[in-house]
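Trainee:
Residue numbers (this note's numbering), protein chains in the order written: chain D, 1 to 111; chain S, 112 to 223.
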C-alpha cells in the first residue's frame, strides 16, 4: 500500500527559484492537505482541498499555490522561494473527518 | 489565535508509564488525535477519540478526555525505548473541513 507519497524528499533551493512539491495518494481520499513544520513547532496548515477542483487557504498560505485537478494529486507550488520557506513539508489525505494520514515529509532548504 | 497546548518534554525510564497531557482550544471539537513522529520521519496516527467518549484504550495506549476542562491525555503503559519520539496532540475544530490544529509536540525520552 503506497498511501500518501511525496517527492522530492530533500531539496535545496536558491532564493528566488521556484519548485513544485508533488503529492499523490492512492486511497481515493477526497480531502488533501499541505502542512509545514518548523523546528520546535507543531504543524501549520498551508492549503487544503475537499475534492478535485476545490482548494482553500489554510493558516499560512502566502508564498504558495496549489491545484487539485485530480482526486489523487495535490501539488504545492513555491514561487520565488525565500529563506522563511525553509521547512519540512507534509502532505496528508483523508476520506473526510476522522482519519488523516500523512506522507513522510519533504525537507526543503532555501539558501 | 488560540493554541493547542502541550508540555514540551517528558523523560521516563523503560518499563514505567508515560502520561502526555494536552489542552485543546474548542470544546466543540469533534475529534481529538495523538500523532507520533520519530526523528526524520513523518507523522504516524496513533489513536483518536471522538468527543462523546471519555476514554479509549488500544493495547498499551489509553486516551482520556475531559471535555469540561478541554484536557486530553495519552498514557503509554510499559514504555519502551522505541516509544521515544515527539507526540502531537491535534484537534479538528467544528466548521473546518477536517483541518487539524496541532500542538507544538511533547518530546518523550525513554531511558534504559
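Every residue gets a Cβ at the ideal spot worked out from N, C-alpha and C, and that includes glycine.
Specify whether the segment 69-80 of chain D and the segment 126-133 of chain S touch according to this definition: at least 3 beta carbon pairs, one from each stretch, less than 8 angstroms apart.
Mentor: Touching, no, given that fewer than three Cβ pairs across the two stretches are closer than 8 angstroms.
Trainee: Once DSSP output is grouped into helix, strand and coil, what is the label at residue 112 of chain S?
Mentor: Residue confidence for residue 112 of chain S is low, a pLDDT of 43 falling below 50, so the modelled location carries little weight and cannot support an answer.
Trainee: Quick one, which residues of the segment 56-79 of chain D are near chain S if we go by CB-CB under 9 angstroms, in chain order?
Mentor: So the close ones are 56, 58, 59.
Trainee: Measure from the C-beta of residue 99 of chain D to each C-beta in chain S and report whether the shortest distance is under 8 angstroms.
Mentor: Taking Cβ atoms only, chain S reaches closer than 8 angstroms to residue 99 of chain D, which makes this a yes.
Trainee: Would you list, in sequence order, the uninterrupted beta strand (DSSP E) runs of no fewer than 3 residues that lie entirely inside the segment 57-83 of chain D?
Mentor: The segment 57-83 of chain D contains these whole beta strand (DSSP E) runs: 64-66, 76-78.
Trainee: Is any beta-carbon of chain D found at less than 8 angstroms from that of residue 158 of chain S?
Mentor: No, residue 158 of chain S lies away from the interface with chain D (no Cβ there is under 8 angstroms from its Cβ).
Trainee: Is DSSP giving residue 194 of chain S helix, strand or coil here?
Mentor: In the structure shown, residue 194 of chain S sits in a helix (DSSP, three-state: H, G or I).
Trainee: Thinking residue 183 of chain S and residue 200 of chain S are a contact (beta carbons under 8 angstroms), I'd like their distance in whole angstroms, please.
Mentor: Right, the Cβ-Cβ distance comes to about 6 angstroms (below 8 angstroms), so this counts as a contact.
Trainee: Would you please verify whether the beta carbon of residue 134 of chain S is less than 8 angstroms from any beta carbon of chain D?
Mentor: So no, residue 134 of chain S is outside the interface.
Trainee: Using only the alpha-carbon positions, how far apart do residue 186 of chain S and residue 139 of chain S sit?
Mentor: Their Cα atoms are separated by approximately 23 angstroms.
Trainee: Just the chain D side, please: which residues come within less than 8 angstroms of residue 210 of chain S by C-beta, in chain order?
Mentor: Under the 8 angstroms cutoff, chain D gives 33, 45, 48, 58.
Trainee: If we cut at 8 angstroms on Cβ distances, does residue 154 of chain S have a partner in chain D?
Mentor: Chain D, which has a Cβ nearer than 8 angstroms to the Cβ of residue 154 of chain S, makes this yes.
Trainee: Whose C-beta lies closer than 6 angstroms to the C-beta of residue 23 of chain D among residues of the same chain, with five residues either side of it excluded?
Mentor: Around residue 23 of chain D: 6, 74, 91.
Trainee: Within 10 Å of its beta-carbon, does residue 148 of chain S have 16 or more other beta-carbons around it, so buried, or fewer, so exposed?
Mentor: With 16 or more Cβ atoms within 10 Å of its Cβ, residue 148 of chain S is classed as buried.
Trainee: Which residue marks the beginning of the beta strand (DSSP E) containing residue 52 of chain D, and which one marks its end?
Mentor: Neither: residue 52 of chain D is in no beta strand (DSSP E) and is coded neither H nor E.
Trainee: Of all the options D:18, D:52, D:87, D:61, which has the alpha carbon lying nearest to the alpha carbon of residue 46 of chain D?
Mentor: Measuring from the Cα of residue 46 of chain D, the nearest candidate turns out to be D:61.
Trainee: Under 7 angstroms Cβ to Cβ from residue 37 of chain D, same chain only, skipping five residues before and after it: list those, please.
Mentor: Taken in chain order, the residues that qualify are 43, 87, 88, 90.
Trainee: Assign residue 222 of chain S to one of two classes, buried (16 or more other C-beta atoms within 10 Å of its C-beta) or exposed (fewer than that).
Mentor: When all chains shown are included, residue 222 of chain S counts as exposed.
Trainee: Can you confirm whether the segment 101-111 of chain D touches the segment 2-21 of chain D when touching is taken to mean that 3 or more C-beta pairs between the two stretches lie within less than 8 angstroms?
Mentor: Contact between the segment 2-21 of chain D and the segment 101-111 of chain D is present, because at least three Cβ pairs lie under 8 angstroms.
Trainee: Between which two residues does the beta strand (DSSP E) holding residue 128 of chain S run?
Mentor: Careful: residue 128 of chain S lies outside any beta strand (DSSP E) and carries neither H nor E.
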